[in-house]
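Residue numbers (the numbering used here), protein chains in the order written: chain A, -5 to 291; chain B, 2 to 449.
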């Protein structure tokens, strides 16, 4: 029966059956909570009692004049430099150093440089909190040892340096990821291109600029999207290191969500902040993808 | 074809299992709850009516947890047929889960509930049993002065008044720890007035020692630093009014500006550990017990830390007042109260249990492990002289006598904790003036 619509292989209907388990999990644990969050953002609710009042867009209106939210958002944007731009630059430099030659102990270097990406963020935070400790941390101890006492600072508690200090840790975590991504991409580039370029007298810098970088465009797209998302949703590092302090200097949007939801019992407002953060992330990801596919044409 | 059918069947099974696994989570209230009595067949013992009392507490650290286990054991021995099912949570964990747990028909019978706005929210949700009748029956109001009972009282809109909802078992206050070795070495005397205290700080600094070990990276230790001085300059009525939100008091008053000026001055004069803005609280405890710093201003909960793994000897005194006759006032309170869930089938037994928790015997069990109990100790029990605990028991008795147990001012509103943390960090770092500080805090307080 149904000979007319018969496609080669198994019936099409069966395809949906294959994705069903995944789809069920996705709907239950991703899509439903997301929609529920968006719905909650239109309510005033303390999170556990039945007193839930519909207040329309009031949470969003309040958000626009919340100077803490705007400040937190600006910190997230600054984190893009530390989480995205610097790691991508470092990653491409390291990848071109490691990728084109056969160094003895390559695997060791590659694994070592990737290691920060593997460690849990909470562990990273605890470790760096120790490194930055003004009394017994190794960073200030080192500065004092080499006679740079004047540079020793209470890093995480310094109003000017706290944000860059937390940011640098982001760089440390992300550059290994970018490097591995670029290394993988470079394996795709045929060796002939480089040979031809060499015969034509192109030096290493020129080879990087005219062969490696243009060939890695898809990897740049992936690196940008992943790292920018990471920068926009920073939570764990700030939670472990500074709790948004000193003052509000390291406050980030995700921490604001946590504080509103679990410390101040303002679930509706927290949901509104989370929804706006999600929209911003979606918008930026969309723009990067658009830009990338257009430049590929 | 057969293969496909089998695969589809397998997949279908997975889906059914998944849905089955999710169903109870989605509709917890519909799930019929078995009463604990039925669930306890007790095969070896004759099935006398075994009653299980579910108790949630947050005494999670080793020593505290040991004391609670001992207390529970003694209660079970005194009440045959009663079994206590203890659930231990960290404070943060309890704080976030208790509200939902108290709403369940099979929730805990007895649970510790955070005072202040948390308790107000739970009372507003009608999840706790008022204990006033039990308090009359067991004469609980004679154990604590009214100022302590009011901390465990709440209405649906505020705390500090209304029905009594719980009883606390441990006490705490913020005092001044001092390093006995250093005091002996330099011949410093314990100060009797706040002026003497200020002079002592200058002497310590002049001797080349760090006057106060302090770390404000976590924010909240700053509240205790500021408010310790604030408690010297204001009276108990102001602190009560501010914390309970009564009588329209303001934060922007001369006394608070003065306290802010004093602690900012200490920061400027280098009286705190170098780099204190970048030091976390737990690290500051380690630094202090390693012998760096003459004084440390923090709560009694740190005492355990100062008697283990250290070669230093520490004592404790209350922040001195303006004159020796000013009634003593210090930041302090009682631990999280034990409350009874509204709807618990074992409310009478739960009250009996709480009555044992505040008994002299239980107080002694805490004291034996170096932890300050809220309830009075047995008349014949003596704390070992010269110990940190002896200092703290004496200080606690002084505070009870002078009705001078103050408050953690960050309880006042749900946002006060975050606001004070941030504004005090700005103050300590010299980013703001004392005037800007009090104005900023008042601006947030006025929103309540």
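Every residue gets a Cβ at the ideal spot worked out from N, C-alpha and C, and that includes glycine.
Counting along the chain, residue 252(A) sits inside the alpha helix (DSSP H) bounded by residues 247 to 252. Proximity to residue 143(B) across 348(B), 417(B), 375(B), 442(B) peaks at 375(B), based on C-alpha coordinates. Closest option to residue 182(B), judged by alpha-carbon separation, among 351(B), 311(B), 74(B), 164(B): 311(B).
For the options 438(B), 382(B), 373(B), 419(B), the alpha carbon positioned closest to that of residue 64(B) is the one of 373(B). Taking a beta-carbon distance threshold of 9 angstroms, residue 112(A) does not count as an interface residue toward chain B. With 16 or more other Cβ atoms from the protein chains shown falling within 10 Å of its own Cβ, residue 180(B) counts as buried. One finds 43 in chain A with Cβ atoms closer than 7 angstroms to the Cβ of residue 125(B), taken in chain order. The beta carbon of residue 430(B) is closer than 7 angstroms to those of 278 in its chain, skipping five residues each way along the sequence.
Among the residues of the stretch 98 to 130 of chain A, those with a Cβ less than 7 angstroms away from any Cβ of chain B are 123, 126, 127, 128, 129, in the order of the chain. Residue 58(A) and residue 271(A) have their C-alpha atoms roughly 13 angstroms apart. Along the stretch 40 to 73 of chain A, going in chain order, the ones with a CB nearer than 7 angstroms to a CB of chain B are 40, 42, 43. Against chain B, a Cβ distance below 7 angstroms from residue 240(A) picks out 278, 426, 430.
Assigned with DSSP and collapsed to three states, residue 249(B) falls in coil, not helix or strand. In this structure, residue 41(A) sits away from residue 175(A), with a CB-CB distance that is not shorter than 9 angstroms. Not a single C-beta of chain A is nearer than 9 angstroms to the C-beta of residue 209(B). With contact defined as three or more Cβ pairs closer than 8 angstroms, the stretch 201 to 208 of chain A and the stretch 183 to 193 of chain B are not in contact. Taking a beta-carbon distance threshold of 9 angstroms, residue 118(B) counts as an interface residue toward chain A.
The beta strand (DSSP E) runs of length 3 or more contained entirely in the stretch 91 to 118 of chain B are, from start to end of the chain, 111 to 113. The beta carbons of residue 131(A) and residue 225(A) sit no closer together than 9 angstroms. When 8 angstroms is used as the limit between beta carbons, residue 224(B) is near no residue of chain A, the shortest such separation being about 12 angstroms. At a cut-off of 4 residues, the continuous stretches assigned as alpha helix (DSSP H) that sit fully inside the stretch 162 to 226 of chain A are 185 to 193, 198 to 201, 211 to 226. The alpha carbon of residue 362(B) has as its nearest neighbour, out of 350(B), 355(B), 379(B), the alpha carbon of 379(B). Nearest CB-CB separation between residue 418(B) and chain A: below the 9 angstroms threshold.
Taking all protein chains in view, the Cβ of residue 251(A) is crowded by 16 or more other Cβ atoms within 10 Å, so the residue is classified as buried. Residues of chain B whose Cβ lies closer than 7 angstroms to the Cβ of residue 150(A) are, in chain order, 218, 279.
DSSP lists 335(B) as the beta-bridge partner residues of residue 172(B). Take the alpha-carbon of residue 147(A) and the one of residue 304(B): they are about 30 angstroms apart.
Uninterrupted alpha helix (DSSP H) stretches at least 4 residues long and entirely within the stretch 33 to 107 of chain A occur at 52 to 58, 61 to 74, 80 to 93, given in chain order.
For residue 264(A), the closest Cβ of chain B is not nearer than 9 angstroms. For the stretch 222 to 238 of chain A, residues whose beta-carbon sits nearer than 9 angstroms to a beta-carbon of chain B comprise 235, 236, 237, 238. Here residue 282(B) is not near residue 333(B), since their CB atoms are 9 angstroms or more apart. Across the stretch 3 to 14 of chain A, CB contacts with chain B closer than 8 angstroms involve 4, 8, 11, 12, 14, in sequence order along the chain.
Assigned with DSSP and collapsed to three states, residue 266(A) falls in helix. Residue 113(B) counts as buried, since no fewer than 16 other beta carbons sit within 10 angstroms of its beta carbon. Relative to the Cα of residue 231(A), the nearest Cα in the group 89(A), 108(A), 122(A) belongs to 122(A). The beta carbon of residue 328(B) sits closer than 7 angstroms to the beta carbons of 403, 405 from its chain, once the five residues preceding and following it are set aside; these are given in chain order.
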